[in-house]
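If you read the sequence shown in my numbering, its first letter stands for residue 87, the second for the next number, and so on.
Ideal Cβ positions, reconstructed from N, Cα and C, are used throughout, including at glycine.
Bear in mind the structure is a predicted one, so any value in this text is a computation, not a measurement.
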Amino acid sequence: MTEDRVVAALSGRLDGEVDASERRRAEYSSDASNYRVPPRAVVFPRTDADVAVALEFARENGWAVTARGGGTSVAGNAIGPGLVLDFSRHLNRILEIDAQARVARVQPGVVLSELQRAARPHGLRFGPDPSTQNRCTLGGMIGNNACGPRAVAWGRTSDTVRELRILDGTGAERRLANDLSVLPGLAEFTAAHLAALRTDLGRFERQASGYGLEHLLPERGSAVAKAFVGSEGTCGLLLDATVELVELPKAAVLTVLGYPDIATAADNVAAVMACGPTAVEGIDARLVDAVRAHRGTVPELPRGGGWLFVETSGDTPAEALAVAERLRRSVDALDSRVVADPAAAAALWHIRADGAGLAGRTPDGQPAWPGWEDAAVPPERLGAYLRDFADLTREHGVDGLLYGHIGDGCIHVRLDLPIAEAPQRFRRFLFDAAELVVRHGGSLSGEHGDGRARSELLSLMYSRSVLDVFVGYKALFDPADVLNPGVLVEPRPIDADLRLAGLPPVPVARGFAFPEDRGDLGTAVHRCVGVGKCRADTRAAGGFMCPSYLATKDEKDSTRGRARVLQEVVRGALPWSSAAVAESLDLCLSCKACRSDCPAGVDVATYKSEALYRRYRHRPRPRDHYSLGWLPRWLALATLLPRTANALAGNAVLRRIGLRAAGIDPRREVPRLADRSFRRMWRDLGHTATQDRTATQGHTAARDLDVTAATEADRPEVMLWIDTFTDAFDPEIALAAVELVQSLGYRVRIPERRVCCGLTWISTGQLDGARARLRATLDAVHEHVRGGGLVVGLEPSCTAVLRSDLPELLPEDPRAAATARAVRTLAEFLSEQSNWRPPRQTDRKVVVQPHCHHHAILGFETDRQLLTTMGIKVTEVTGCCGLAGNFGMQRDHYDISVAVAENGLLPTLRAVEDESIFLADGFSCRTQAAQLAGRRGRHLAQFLLER
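The following block contains the structure:
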């Protein structure tokens, strides 16, 4: 059946949507696993009836059906070859919270963090808390039997489930609770297999592999709903779930215990568990080293080479602290640290959270993959297992960083498995690892499920008779094997459908160098392993990724969705000129937030630039590539006659005609040029810049800046990078920066001739033009840099180009790296001056919008610390302003640009007092605030000179 026929056949029968396009199929071809299985189509059901219609359609056509939530499965159980049903877009409501009964009823697409947020005012929470809780869904957690750090106290997802309403594989609706009669034949099936259910299953808490059929036993309450948990979408499609909630602890204390190594820490777990902790997590020294290398520092840890993070709780802080002290006295740790302060404890927990993301790279920087990331053994065997596992990895020549839920014997590790180069070695390692965990009485999976990654290995863990029990159980629910075939029962081989296997080399196009990916674009786009953090709203924690997804809630507009489409391109399944590629990248703001916020370091802004370069090189381009991509050229001309240019732009009719012709949205205003550019001021004054400060930004006094008088040979020299935007639109910013730098005893110089960093050429994929401008930049600054001089940038996006894009576009030019090292933001430069302290201004209130490139490339911490030192009350906007350089100006981008602004900038500006100063170093940020909120912004340089 063709794409059009699929859509036609289904769309008329659904309230939701169906999409069988190449792009959508690529986006849903993988989850967070190593596997790639493109679906026939993706359905976004709005109602229970939609789920039933989709299932009926699949059964009629002999297609498979796979349920999907957040798509964060690392085992490959959220992908399938038929229909994929994405429950996260529409079926995501919390239907009820009964605080008195401590239960919640939810639809399958509810994100866990949303449930936690809704339960918190009642003093309640959902117990299991996997690391993906800000994007994983309850349906996915039920599918995998998810756990998390606090399972030692509050149990697995199966322990929380009271009732599930499902459609089985025949389309029948069933309400599962504690009654075997709900499914014909289930009572007889259970009675026939009591021995296997009692002896082979449920031997220890984290035995997650296979079906959890021990819950069907009469002594366990004939819990049909609990047995369904962990069935990985193979037995039914969830419509809603009733789950139990637990009380929030009134007080919690973190104790960090140091041991010689992680295996020795595991040896001590019985003593730790005897104190009744709410969480027990373990990390080893190499993971801490990776976090330290990434962050520059980590909070103080006790002596050791492996650590246990143990959380204890109580009704009062004193009670929680007393438990922690008892714990410390009862264990055999080398050293310990008890942390009662919540902020300090959170900083330590961030080591574990950051380490989980950084574990996607080995200590030597090689990509590390899931596949054997979730093994569990009885806790008393964990230390011995870890030592044997270390021997096994050495024997196979693979490496990775260990961490995990030590309290209940579950270990997470990603390894540099040779998936692409030698799939047969990958297969041998997994079989040897499975045999090892079985020798220790363990489970292939402790919480992630078996999926495509481990289902074939179940034959090593269970006897044929037990596997036949699994087959019989699935057949009761899904006799035609419609639901997620190839998982758990009649499994696909573990080395089939590997995303990395058999990839052709990507031809070199002389675009970006991709130095951290061995110069290979294919390696770069496969950094995305699908963890899905780009789907999470991390603004409360200071995250910027991913502004387009937060505005549309469409996988197409997530970092992961775009990476998946580009992965299809580099494997040869899609051409660069494909409409799928254009649609996927269209709403990428090139904010670069993914480069810093994605745990895998995916950099879609760079990939977008490279994709545009490869598509349009030596070909006609869209009009806005010439109007906005060549903007510095046009501004150089316009600044010769700024009043004329402003008059033309001020004529509404001419403006609309001109903007449409240029490929720019006519709803946009044209920023007003300054009467004189900074370069003209600098030249006209004979390098004496005089600024009437009473006329600009409300400054209180007039000052003369005599550059000539400050040119004594004994004064060090600083080069001010005069970018196009500051020069043409906001020259008073450069004047303020000159005054600040001179006040510290420096001579100020600027490049002798007009040069450009090439930012607009880069963002439109005109990389040959960008390189030409960057070479001219190096010619202009090299002598200064070679003499040890610094280059101070004022516009964050241009400064970020000099620090990051410059060496990546000109890797063969040794001047590029030297210049990148010499570049400073204004805040960095000022903070390095021992004779400078920012003025105390405790009576002032500031709203600050960090530029996305400042956040992602340069780092905003120095600016943040500077404002804190000033004693100012700061409200920091988190997230992109929405204009993002040329993005918000382009035709058809205005609405999404405003939607992005409504996720951070605009509501923040509306909420603060009128007297609050709006501080934004980015020209785009100031422009967006002025055009959408009527708020004029100041640059840090201006703000520091105000009194």
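Helix, strand or coil: how does DSSP classify isoleucine 180 here?
In the structure shown, isoleucine 180 sits in a strand (DSSP, three-state: E or B).
Quick check on the DSSP output: the beta strand (DSSP E) that includes threonine 341 runs from which residue to which?
DSSP places threonine 341 inside the beta strand (DSSP E), whose first and last residues are 337–345.
Test item: CB-CB of alanine 118 and glycine 441 under 9 Å:
Going by C-beta atoms, alanine 118 is not nearer than 9 Å to glycine 441.
Just to confirm the assignment, what range does the alpha helix (DSSP H) spanning leucine 995 have?
For leucine 995, the uninterrupted alpha helix (DSSP H) run begins and ends at 991–997, by DSSP.
Within a Cβ cutoff of 8 Å, which residues of the same chain sit near leucine 272, ignoring the five residues on either side of it in sequence?
For leucine 272, where only same-chain residues beyond five positions count, the Cβ hits under 8 Å are Leu266, Leu302, Val310, Leu562.
Histidine 940 to proline 464 span [Cα, whole Å]:
Whole-angstrom Cα-Cα distance: 47 Å.
Among the residues of its own chain, which have a CB less than 8 Å from the CB of arginine 709, if the five just before and after it don't count?
The answer, listed in chain order, is Ala747, Ala748, Gly749.
For the putative contact between leucine 461 and glycine 528, defined by C-beta atoms under 8 Å, what is the C-beta separation to the nearest angstrom?
Inspection of the sequence shows that residue 461 is occupied by alanine rather than by leucine. The C-beta distance from alanine 461 to glycine 528 rounds to 6 Å, short enough to fall under 8 Å.
Taking 8 Å as the cut-off, does the stretch 643–655 touch the stretch 682–693 (at least 3 CB pairs, one atom from each stretch)?
Enough Cβ pairs lie closer than 8 Å, so yes.
Excluding sequence positions up to five away, which residues of its chain have a Cβ less than 7 Å from the Cβ of arginine 926?
Apart from the 5 residues on each side of it in sequence, arginine 926 sits with its Cβ closer than 7 Å to the Cβ of Met956, Gly957 in its chain, given in chain order.
Would you report the Cα separation of threonine 846 and serine 713, rounded to the nearest angstrom?
Approximately 10 Å between the Cα atoms of the pair.
Below 7 Å CB to CB, which residues in the same chain sit around proline 504 once its five sequence neighbours on both sides are set aside?
Apart from sequence neighbours up to five positions away, the residues of its chain that approach proline 504 with a beta-carbon distance below 7 Å are Arg511, Phe512, ordered along the chain.
Any idea what DSSP makes of methionine 631, helix, strand or coil?
Collapsing the DSSP output to three states places methionine 631 in coil.
What are the residues that DSSP puts in a beta bridge with methionine 805?
Looking at the DSSP output, methionine 805 bridges to Arg835, Val877.
Considering Cα atoms alone, identify which of Ala161, Ala649, Val592 is closest to aspartate 581.
For the options Ala161, Ala649, Val592, the alpha carbon positioned closest to that of aspartate 581 is the one of Ala161.
DSSP three-state assignment for tyrosine 489, whether helix, strand or coil
Tyrosine 489: strand per DSSP, three-state reduction.
Please report the straight-line C-alpha distance between aspartate 816 and isoleucine 848, rounded to a whole angstrom.
Approximately 23 Å between the Cα atoms of the pair.
Return the chain-ordered list of same chain residues with a C-beta closer than 8 Å to the C-beta of proline 509, the five sequence neighbours on each side being excluded.
If we look at proline 509 and ignore the five residues flanking it on each side, its Cβ neighbours are Asp581, Leu584, Ala587.
Ignore the nearest five residues each way along the sequence and tell me which others in leucine 487's own chain have a CB closer than 8 Å to its CB.
Take leucine 487, set aside five residues on each side of it, and the residues of its chain with a beta-carbon closer than 8 Å to its own are Asp370, Arg372, Leu373, Ala376, Gly441, Leu444, Ala445, Thr448, Pro449, Ala454, Val499, Arg500, in chain order.
Let me check one thing: in DSSP terms, what residues is arginine 500 bridge-paired to?
Leu487.
Between Leu280, Ala282, Thr885, Asp254, which has its C-alpha nearest proline 270's C-alpha?
Nearest C-alpha to proline 270: Asp254.
Identify whether phenylalanine 290 lies in helix, strand or coil by the three-state DSSP scheme.
Coil at phenylalanine 290, not helix or strand.
Beta-carbon gap between leucine 880 and alanine 823 smaller than 9 Å:
A contact, by the Cβ cut-off of 9 Å.
Given valine 384, which residues of its chain have a CB within under 8 Å of its CB, disregarding the five upstream and five downstream residues?
These residues qualify, in order along the chain: Val374, Val377, Arg378, Ile437.
Less than 9 Å separating the beta-carbons of leucine 888 and alanine 906?
With respect to alanine 906, leucine 888 sits close: the two C-beta atoms are nearer than 9 Å.
Ordered along the chain, which non-local residues of its own chain (more than five positions away) have a Cβ less than 7 Å from that of glycine 390?
Sequence-distant Cβ neighbours of glycine 390 in its own chain, meaning closer than 7 Å and more than five residues away, are Gly344, Tyr345, Pro346, Leu420, Asp421.
Residues that DSSP places opposite phenylalanine 1004 in a beta bridge
For phenylalanine 1004, which the question treats as bridged, DSSP gives the partners Val933.
DSSP state of phenylalanine 130 mapped onto helix, strand, coil
In the three-state DSSP reduction, phenylalanine 130 falls in the strand class (E or B).
Three-state secondary structure assigned by DSSP to tryptophan 768
Of the three classes helix, strand and coil, the one that applies to tryptophan 768 here is helix, per DSSP.
Helix or strand or just coil, what does DSSP make of tyrosine 980?
It is helical.
Look up proline 453 in the DSSP assignment and give the residues it is bridged to.
Note: proline 453 sits in a beta bridge opposite Arg447.
Excluding the 5 residues preceding and the 5 following phenylalanine 46 in the sequence, name in chain order all residues of the same chain whose CB lies nearer than 7 Å to its CB.
Beyond the ends of the chain as shown, which are 87 and 1033, falls residue 46; an answer cannot be given.
If you drop the 5 nearest sequence neighbours on each side, which residues of the same chain put their C-beta closer than 8 Å to that of aspartate 770?
Here the set comprises Arg762.
By the DSSP assignment, the alpha helix (DSSP H) with isoleucine 848 in it spans what residues?
Per DSSP, isoleucine 848 belongs to the alpha helix (DSSP H) from 845–849.
Do the CB positions of proline 882 and threonine 911 come within less than 9 Å of each other?
In contact: proline 882 and threonine 911 (Cβ atoms closer than 9 Å).
May I have the straight-line CA-CA distance separating alanine 1019 from leucine 992, to the nearest angstrom?
Taking the Cα positions, alanine 1019 is about 7 Å away from leucine 992.
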